[in-house]
Amino acid sequence: MSAYRKILVVFLALILSSCMAKPVLTVKDANMSREIKQKAPIVSKIDISPDGRYALTGSFDSFILWDIQRGKKLGTFMHKGSLDPINVAFSPDGKYFASGGKGTKLWNFATGEEIMTFDEEDAASVVFSPDGKHLLSGGPNLNFNPFVKDKESRMKIYRVSTGELVRDFKLKIPQRIYSVAYSPDGRRILSGDSAGQMKLWDIASGREVTSVMATRGFVKVVRSLAFSPDGRHAVSGGSDNRVIIWNATDLTPIKTFVSPDSSTGLLSGIQSVAFSPDGKYVLSGRMDGKINIWDIASGSEWKNLSGHSSWEYGTSAKYFSDGRHVISAGDASTRIWDVAAGEEVASMIAFEDGEWIVTTANGYYNSSPKGDQYLNVKVGGKDYTIEQLRESFYRPDVAMAALSGGSLKGLKNVANVKPPPDVAIVDTPKSIDKSDAAITLKITDTGGGIGDIRLYLNGSAVMLDSTRGVKIVTANQNEIFKTYKLKLSSGLNSIRAIAFNADNTMQSSGAIYEITASFKSTGKPSLYALVIGINEYKNPKLQLNYAVADATLFANTLKKVASALFDKVEVKTLSSTEETTRENILKELKAMQSLNPDDLFVLYVASHGTVDDGEYFLITSNVGSTRTEKLKTDAIGQTIFKELVGNIPATKKLIIIDTCNAGALGEAIQVAMLTRGMSEDTAMKILSRAVGSTILSASTSLQEALEGYQGHGLFTYVLTEGLKGKADKGNTGYVRTTELADYVDNEVPMLAEKIFKKAQYPTISISGQAFPIGKVR
């Protein structure tokens, strides 16, 4: 084996070993950086749907579909690759997408199903014809393999509707086709190869029109090509760092751009090129992760977008149709950029295990259930998990607004958040023979002050202490000691303590402590439920028709299915205007603080709910005005609601919120959502994690809960049907909270569409322990 081949074998091994990575992701603010903690697939190929709502990113052996508008990952599709990430393309009508790797595949966008495999040959580049009737693929993509000699390179055009091979360009050359592009009129093709050549082809005859050397150097690869929107010009990008504008008729060069800070070496160069929608600018994504925007008229660089950190496979970038935003894929992230400002808007990361996270440049985020555990932020030189910022910065609605082009000016920035205190559990026994224990916390102010303090027992909040801004009274002016008496379960008890900074924007890492309690258990646990249904309000415009009926149905169903499972089932129903005032509901919630850790607590509320001034409010019967200042005094706010539920000692809690916005009230809330606070479903998810409980909420914020099905609201009807046994997927005879959540999550949207022809998607947030809630046989 020659020395060249030995070096190349080592090089290829290094390439293949780094298909998963944990890169450091940075943003422009020098006070903050982000670092991935979990393996995430490298992505460096990208396409955007014609309407700008969706993006495809290609990785090794798979590609990912993102919903840009909603700021979430929709799915991962498997497609075996080769030495390059999977190449991806949307059809012009958005109904299909194609992928190229080991073979060329066509997929149905609506169903996510593979429609056909055109062939099994390597495809380095795939692109639809402008009318969407044909698909062009070029390959193979083993561009650097020195052991394969005289292998036939090829370009093929397939008919999308049938998979029929329409044109086969057989190229008897040792070079490999690396990039292909369709002209806007669908009559010509550009190809770029690993010998540095760019060729222009006539589709009708299948003949080469002309060719030029588009790159130079030891490694000569034309990695990307594009036609201008009017078809008069073409652009190429290759391994020598040059971006060249060409006359698309005869391939004579017009202008050449080279960034002065371009890297050099074996893997340097340009990964992708694209014209702006108006044809005035050229976008180039580099192998070193940087993105340049070139002004064609002046011949100079207009913008330099820096953020992607990895260089192994480069960065691909494309314009949105509005010309004001760019989307890019590089390292392990997909990023949206504001072109005029030259700044990152948001970053989307998919992890190897299926979790994901979307973050804005100032720290707000949306994520899958565990996605926020996989990303660290460095603020003021210290590392924190982004999960520690959840209660202030978990804002899917803000992420959506940023991705839709909305301004986030005026909202706080994670870079300015003060550090949380350090927490330790001290002077607390490891074993005890009683049913309660004194838990002592040592809390050290690290510069951000001391705010709320929480204790969790076996995953569920059992003590919330709002001691915001407490004074330091010890000899060490940075420390306080707090002791709390906790009820314990018989056996092993896992305790977690956290404390927030003074303004409650960031929580500490959890202090974990285990206590074994050897007292004798009293037997089967008991179930206590508080069921609330409110039809009539002080403000008659808020009247509901089914809330009391829904509450009654739920209470009766719960009694029936829970009676055989628990030692005692005590369900208290509040439905009259006197029983459902703010004062009375708070009194009843406080009474639940006498429960024991082994008991189960269920809270059901059918009423109105709203978000105002950054806080969720449960509308009680005494509410007349829905103005912000009146809601704060007359309704039950999220803060006090969280504190009351969090101080109920039961370690198994299920909270069901069947609330909706009434007519004009709901519309007003949605219009003002960003300026007035978070969305309703976001509030539910934050509450769930805060109190360590499973929460089922009737609908997401952008929908009204549907009423009038079988004499009840749709959500509660489905919920009770699940409790009666339809949620028992495994036919075990028991319905668990997780099974009930899955059943509601699947059935409500299906029936909403079938019966009402409207969308209703419940908010499901599972935290704390899963447990059986009823016995059905």
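Just so we're aligned: the sequence shown equals residues 1137 to 1913 in the working numbering. Quick reminder that beta carbons are idealized off the backbone N, C-alpha and C, glycines included.
When the options are compared against residue i, the one with the closest alpha-carbon
i            : options                   : result
residue 1189 : 1702, 1205, 1200 and 1729 : 1205
residue 1477 : 1491, 1497 and 1385       : 1497
residue 1686 : 1857, 1723 and 1703       : 1857
residue 1663 : 1359, 1755, 1673 and 1911 : 1911
residue 1647 : 1660, 1903, 1580 and 1666 : 1580
residue 1344 : 1350, 1336 and 1379       : 1336
residue 1742 : 1699, 1325, 1791 and 1778 : 1791
residue 1558 : 1532, 1518 and 1565       : 1518
residue 1407 : 1420, 1543, 1396 and 1398 : 1420
residue 1716 : 1209, 1794 and 1755       : 1755
residue 1135 : 1779, 1432, 1682 and 1586 : This structure gives no information on residue 1135, because the portion of the chain shown stretches from 1137 to 1913.
residue 1589 : 1598, 1602, 1578 and 1596 : 1602
residue 1781 : 1740, 1491, 1645 and 1699 : 1740
residue 1712 : 1669, 1723 and 1698       : 1669
residue 1207 : 1524, 1777, 1532 and 1425 : 1532
residue 1649 : 1637, 1657 and 1628       : 1628
residue 1676 : 1242, 1757, 1367 and 1651 : 1757
residue 1596 : 1252, 1732, 1418 and 1770 : 1732
residue 1788 : 1273, 1737, 1196 and 1689 : 1737
Cβ neighbour criterion (16 or more within 10 Å) applied to residue i
i            : result
residue 1890 : exposed
residue 1617 : exposed
residue 1301 : exposed
residue 1866 : exposed
residue 1217 : buried
residue 1718 : buried
residue 1528 : buried
residue 1774 : buried
residue 1555 : buried
residue 1679 : exposed
residue 1896 : buried
residue 1779 : buried
residue 1423 : buried
residue 1619 : exposed
residue 1231 : exposed
residue 1642 : buried
Local conformation of residue i per DSSP, three classes
i            : result
residue 1514 : strand
residue 1127 : Because the chain is modelled from 1137 through 1913, residue 1127 falls outside the range shown and cannot be assessed.
residue 1166 : Any reading at residue 1166 needs caution, since the residue's pLDDT is 45, under 50, leaving its predicted position unreliable; the model's value is listed next. Reduced to three states, the DSSP call for residue 1166 is coil.
residue 1747 : strand
residue 1576 : strand
residue 1354 : coil
residue 1321 : coil
residue 1715 : coil
residue 1730 : helix
residue 1666 : strand
residue 1805 : Since pLDDT at residue 1805 reaches only 33, below the 50 mark, its modelled position is unreliable, and the value read off the structure follows with that caveat. Here residue 1805 sits in helix by DSSP.
residue 1672 : coil
residue 1689 : helix
residue 1800 : Any reading at residue 1800 needs caution, since the residue's pLDDT is 32, under 50, leaving its predicted position unreliable; the model's value is listed next. DSSP places residue 1800 in helix when its eight states are reduced to three.
residue 1680 : coil
residue 1694 : helix
residue 1179 : coil
Boundaries of the beta strand (DSSP E) in which residue i is found, first to last residue
i            : result
residue 1726 : Per DSSP, residue 1726 belongs to no beta strand (DSSP E); it is in the alpha helix (DSSP H), 1718-1727.
residue 1702 : Where residue 1702 is concerned, there is no enclosing beta strand (DSSP E), given that its DSSP letter is neither H nor E.
residue 1593 : 1589-1593
residue 1650 : 1647-1653
residue 1622 : 1615-1623
residue 1628 : 1627-1635
residue 1454 : 1452-1455
residue 1919 : Since the first residue shown for the chain is 1137 and the last is 1913, residue 1919 is missing from the structure and cannot be characterised.
Residue i beta carbon near the ligand FAD (any heavy atom closer than 7 angstroms)
i            : result
residue 1768 : Ligands in the displayed structure: none, and consequently the ligand FAD is not present.
Range of the contiguous alpha helix (DSSP H) that encloses residue i
i            : result
residue 1532 : 1532-1539
residue 1867 : Taken as a continuous stretch (DSSP letters only), residue 1867 belongs to no alpha helix (DSSP H), as it is neither H nor E.
residue 1886 : 1873-1887
residue 1526 : 1526-1529
residue 1856 : 1850-1857
Q. Mind pulling the alpha helix (DSSP H) runs of 4 or more residues that sit fully within the region 1752-1790?
A. 1764-1770 and 1774-1782
(Q) Quick check for students: name the residue ranges of the beta strand (DSSP E) that lie wholly in the region 1229-1311, counting only runs of 3 or more. (A) 1232-1244, 1250-1258, 1261-1264, 1270-1275, 1289-1295 and 1301-1307
**Q.** Residue ranges of each beta strand (DSSP E) within the region 1417-1445, 3 or longer
**A.** 1417-1422, 1427-1431 and 1436-1441
Q) Could you give the uninterrupted runs of the beta strand (DSSP E) lying entirely in the region 1465-1519, keeping only those of 3 residues or more? A) 1469-1474, 1479-1486, 1492-1496, 1501-1503 and 1511-1515
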